[in-house]
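Here's the structure, in structure tokens; my notes come after.
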Amino acid sequence: METTEVLKNTDATQILEINFGPQHPSTHGVFRMTVQLDGEKICGLKPVFGYLHRNHEQIAENLPYAAIMPYTDRLDYVNALANNFGYALTIEKLAGFEVPERAEYIRVIMAELARIVNHITVIGFMLNDLGAFFTPLLYAFRERERILDLFEEITGSRLMNNYFRFGGVKRDLTNENLAAIQKIVSKFPAFLKEFEALLTKNEILCMRCQNIGILSGETATNAGITGPVLRASGVNYDIRKVDGYSIYNRFDFKIPLGEKGDVYDRFYVRVLEIRESLKILEQALTKIPQGEIINKKSLPLLKMPRNFKPPVGEAYGRVESPKGELGFYVVSDGTPQPWRYHVRAPSLINLTVLEEMCLGQKIADAIIILGSIDIVLGETDR
Amino acid sequence: MNIPIEEVKKELEARLPDVKLRLIRDSILIENPEDLPRVALFLKESPKFLLDYLSSVTGADYLTFLESVYHFYSMATKQGPVALRVRVTKNNPRVPSLVPIYRSAELQEREAYDTFGIIFEGHPDPRRLFMWEEFQGYPLRKDYEQEDTEVLEATDIAWLEARGIEIPGEMKEKAKALQATNQRAIAQKPEKPRN
Amino acid sequence: MNIFGSGVFQGMMVTLKNFLTSYFRKPDEGGIFTVQYPEEREKAIENFRNFPFLVYDGSPEQIRCVACGICERECPPKCIHIEMALDVVGKPARKPTVFDIDYGLCMNCGICEEVCPFDSIFMDHAFEVTAPERQISLVRPKKALLKSNEYFQKIRPTLAAVIDQKRKTAEEKKKAAIQPPATSESK
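Chains as they are written, first to last, in numbering that gives the first Met the number 0: chain V, 0 to 381; chain L, 0 to 194; chain X, 0 to 186.
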């Protein structure tokens with residue numbers, strides 16, 4: 000009786016609920032979405048977190064301050080240097096350390112290189128999700144490889160850099176390192192030109208990306224979206240300009256903005272941001288002075304990290320990580336371990352609007368919308 | 000650009016005279032948690048501050064009370080931060096949710112609930128964020144005791160046996176004893192901590 | 000206005016160019032990048048760090064480590080375990096009897112290397128570490144961790160040269176410090 004009734008009403012479709020992930024290759028790790036589908040259209044989407052949860056905050060609360068640094072590498076493992084930067088900045092704020100001039104320049108150079116690495120990786124993976132199977136990704140990886148080799152030479156590790164120290168950096172850049180960076184910076188525009196010729200005017204890419212996953216500026220601000228996703232929606236907010244932390248206020252660079260806030264804008268804003276990063280790098284490379292690489296006050300800390308006890312107080316430090324605003328909130332009670340340590344992870348908070356962007360789109364578009372937000376599950380789940 | 004916290008406090012006291020405020024370091028403590036949405040809405044809409052961006056929401060455990068800390072910035076005027084905090088008792092940790100005013104609190108309040116057990120009243124989706132629903136306890140509270148993963152509990156044994164896995168009798172008895180006393184298997188802390 | 004399809008065509012030309020030039024260009028100018036790993040190997044980068052090892056001078060008995068336990072305390076994941084050797088009287092001998100590093104826990108952060116005041120523990124270049132199971136065979140005992148100073152000089156020549164120089168001057172200073180009492184006695 001019931002089945003015949005359903006069969007009679009052929010226009011009615013059933014809502015199908017599927018679990019998308021956690022093993023799906025385009026979820027960039029172990030992320031799950033419960034998607035409700037009406038035919039091929041998305042009519043509901045709930046993200047499910049926690050597959051990579053390891054309680055980073057509790058681990059850190061049981062460790063001395065300096066020992067947390069290698070753990071911050073594991074938050075956003077595509078650009079560990081930005082996490083190092085944020086954490087070092089927060090503790091310097093808490094303990095009142097000064098950073099020598101040369102160390103500041105080295106920090107900016109390394110952070111911008113990490114930004115380039117992150118952006119080309121994310122563009123490559125986003126295109127992979129689109130179906131441009133591995134050709135653009137491997138072109139991007141070819142360039143990334145050079146920068147990673149350089150990281151290996153300078154920091155000792157390709158991804159888990161553990162390079163920043165409170166009041167400076169771990170190792171100085173030699174003249175050969177600087178020359179190698181200069182070589183990468185001068186060669187990069189040619190690669191970007193080629194990469195853009197490959198992609199930006201490609202009709203298939205435009206059709207798949209334009210007018211998909213539109214996010215308005217007001218929603219983005221209210222939902223606390225930061226980074227390239229926010230700027231693609233046309234909101235001019237870059238913490239490097241706003242806070243001018245470290246020495247970013249000395250450099251001349253623009254903030255690329257999108258117009259519509261669709262997937263294409265997010266993709267293109269990242270390409271433009273790489274160009275701005277190259278500009279910063281060029282300025283930093285010409286201006287970098289000689290001198291100390293670590294504050295004299297914090298030198299003994301390197302040998303005895305456990306003896307470091309910042310004064311009682313709290314600090315909230317934030318940096319413009321390539322994914323958005325990466326904030327660290329640290330409360331010190333005068334002991335060698337933080338009383339409270341919190342990470343404001345951009346990858347997590349940028350997912351607040353995922354459902355809104357995906358509603359009414361096709362299931363295939365959900366993949367590229369997720370790819371364009373740029374999440375790393377190490378940071379999302381912490 | 001920084002906003003002097005005294006200025007914020009003065010403005011708040013002038014406009015919302017019935018809200019009790021106290022300065023703690025560089026932040027404002029709102030004595031009654033019920034006033035939080037009013038203060039936040041005022042800061043968001045007052046043309047002087049325009050704090051339209053809630054950057055971070057987090058909890059903290061101070062043994063006698065729990066705290067919820069909010070860091071506000073302004074994207075329109077590029078000012079900030081203004082830190083607000085509210086304090087609640089551990090027995091009744093109820094804080095009004097800020098989601099109706101700032102959507103960025105949505106996932107962060109869920110995280111604070113998950114890790115500290117602060118209940119955000121009025122949250123549209125008050126579930127745990129990282130842990131599963133059946134999880135007991137709040138891992139970031141200072142009195143949290145870690146579960147012993149080596150000891151099987153009654154539910155684990157039922158799950159395993161339903162899938163045809165044999166369990167040694169000793170383990171079963173242990174699980175039964177735990178279930179009888181209605182306790183979880185707590186990890187024993189080593190007598191002498193390693194280092 | 001572009002003709003529809005010209006963007007795709009342009010992209011195809013880029014891939015064609017890359018395909019052709021990869022045959023005669025050098026690897027860092029757009030040529031083939033791949034290294035056929037087990038047969039070919041990339042040149043080792045000196046600063047590369049992987050699991051730690053212990054340095055000895057001359058023979059394995061002359062280990063530099065004095066079992067002070069600083070690395071054990073500072074190690075973030077607590078993967079080092081040290082026990083001090085006792086001499087016949089029962090006094091600490093300033094040598095480790097047990098020095099285990101759990102490679103399954105170690106995260107290659109390099110903090111042990113940084114904090115060691117005796118230049119005894121350093122990060123290795125060996126990355127092909129395998130074990131048949133996860134628990135016991137990944138815990139490396141002292142015997143497996145000991146490597147000669149010559150090996151250290153081979154893998155990280157610049158750092159080893161600095162350390163050797165430092166140790167040499169320290170030793171000379173020590174010798175010089177022992178000398179003066181003899182002269183003071185003669186007074």
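Backbone N, C-alpha and C define an ideal beta-carbon position, used for all residues, glycine too. The structure displayed is predicted, hence computed values, not measured ones.
Could you list which residues in chain V have their beta carbon closer than 7 Å to that of Arg72 of chain X, in chain order? Arg305
Beta carbon proximity, Met0 of chain V to chain L, threshold 8 Å: Because the pLDDT of Met0 of chain V is 45, which lies under 50, any placement of that residue in the model is unreliable, and the question is left without a value.
Residue range of the beta strand (DSSP E) that Tyr315 of chain V falls in? 312 to 320
Cβ-Cβ separation, Ala59 of chain V to Tyr70 of chain V (assumed contact under 8 Å), whole Å: 6 Å
Can the beta-carbon of Tyr102 of chain X be found less than 8 Å from the beta-carbon of Phe52 of chain X? no
Buried/exposed call for Thr225 of chain V, threshold 16 Cβ in 10 Å: buried
Output, in sequence order along the chain, the residues in the segment 323 to 338 of chain V whose CB is closer than 7 Å to any CB in chain L. Glu324, Gly326, Tyr328, Val330
At 7 Å on the CB atoms, spell out the chain X contacts of Ser297 of chain V, in chain order. What Ser297 of chain V touches in chain X: nothing, since even the nearest Cβ is about 13 Å away.
Hey, could you find the ends of the beta strand (DSSP E) Asp72 of chain V is sitting in? Counting along the chain, Asp72 of chain V falls outside any beta strand (DSSP E), though it belongs to the alpha helix (DSSP H) covering 64 to 72.
Quick one: any contact between the segment 84 to 99 of chain L and the segment 31 to 42 of chain L, if contact means 3 or more CB pairs under 8 Å? yes
Report, in whole angstroms, the separation of the C-beta atoms of Pro392 of chain V and Tyr64 of chain V, which I expect to be a contact under 8 Å. Outside the shown range of chain V (0 to 381) lies residue 392 of chain V, about which nothing can therefore be said.
Distance cut-off 7 Å: Asn61 of chain V Cβ against heavy atoms of the ligand COA: For the structure depicted, the ligand COA is absent and the ligand set is empty, with no information on it obtainable.
Compare the C-beta of Glu152 of chain V against all C-beta atoms of chain X and say whether one is closer than 8 Å. yes
Under the rule that 16 or more other beta-carbon atoms within 10 Å means buried, what is Ser371 of chain V, buried or exposed? buried
So what does DSSP say about Phe23 of chain X, is it helix, strand or coil? coil
Please state whether DSSP places Ile382 of chain V in a helix, a strand or coil. Any question about residue 382 of chain V goes unanswered here, given that chain V covers just 0 to 381.
Looking at C-alpha atoms only, which residue of V:Leu214, V:Thr218, V:Gly257, V:Glu275 is the closest neighbour of Arg240 of chain V? Note that residue 240 of chain V is Lys in the sequence shown, not Arg. Considering only alpha carbons, the answer is V:Glu275.
Looking at the unbroken beta strand (DSSP E) that takes in Met32 of chain V, where does it start and where does it end? 31 to 37
Residue span of the alpha helix (DSSP H) that contains Phe194 of chain V, given as start and end: 174 to 198
Members of the segment 55 to 84 of chain V near chain L, C-beta cut-off 8 Å: Glu56, Gln57, Glu60
If the cut is a Cβ gap below 8 Å, which residues of chain V does Thr14 of chain X touch? Thr134, Leu197
Taking 8 Å as the cut-off, decide whether the C-beta atoms of Asn46 of chain X and Met159 of chain V are in contact. no
When DSSP labels each residue in this structure, what does Cys105 of chain X get in the three-state scheme? coil
My output table needs one value for Leu85 of chain X: the three-state DSSP class, helix, strand or coil. strand
Please report how far the alpha carbon of Ile211 of chain V lies from the alpha carbon of Gln360 of chain V, in whole angstroms. 7 Å
Starting from the C-beta of Gln289 of chain V, find all residues in its chain whose C-beta is less than 8 Å away, skip the five residues before and the five after it, and write them out in chain order. Arg101
Using only alpha-carbon positions, find the residue among V:Leu347, V:Val352, V:Tyr328 that is nearest to Ile90 of chain V. V:Tyr328
Give me the subset of the segment 36 to 57 of chain X whose CB atoms are less than 8 Å from a CB atom of chain V, sorted by chain position. Ile44, Glu45, Asn46, Phe47, Arg48
Candidates L:Ala39, L:Ala179, L:Val81: which alpha carbon is nearest Thr154 of chain L's? L:Ala179
Please go through the same chain and pick out, in chain order, the residues whose beta-carbon is closer than 6 Å to the beta-carbon of Lys45 of chain V, but skip the five residues on each side of it. Thr33
Is there a Cβ of chain V sitting closer than 8 Å to that of Glu105 of chain L, yes or no? yes
If you measure beta-carbon to beta-carbon, which residues of the segment 216 to 247 of chain V are closer than 7 Å to chain L? Thr220, Asn221, Ala222, Gly223, Val234, Tyr236, Val241
At which residues does the beta strand (DSSP E) containing Phe19 of chain V begin and terminate? 14 to 19
Is the Cβ of Ala365 of chain V closer than 8 Å to any Cβ of chain X? no
Taking 8 Å as the threshold (C-beta atoms), are Tyr315 of chain V and His70 of chain L in contact? yes
I'd like the list of long-range same chain contacts for Ala176 of chain X, defined as Cβ closer than 8 Å, with 5 residues on each side in sequence excluded. none
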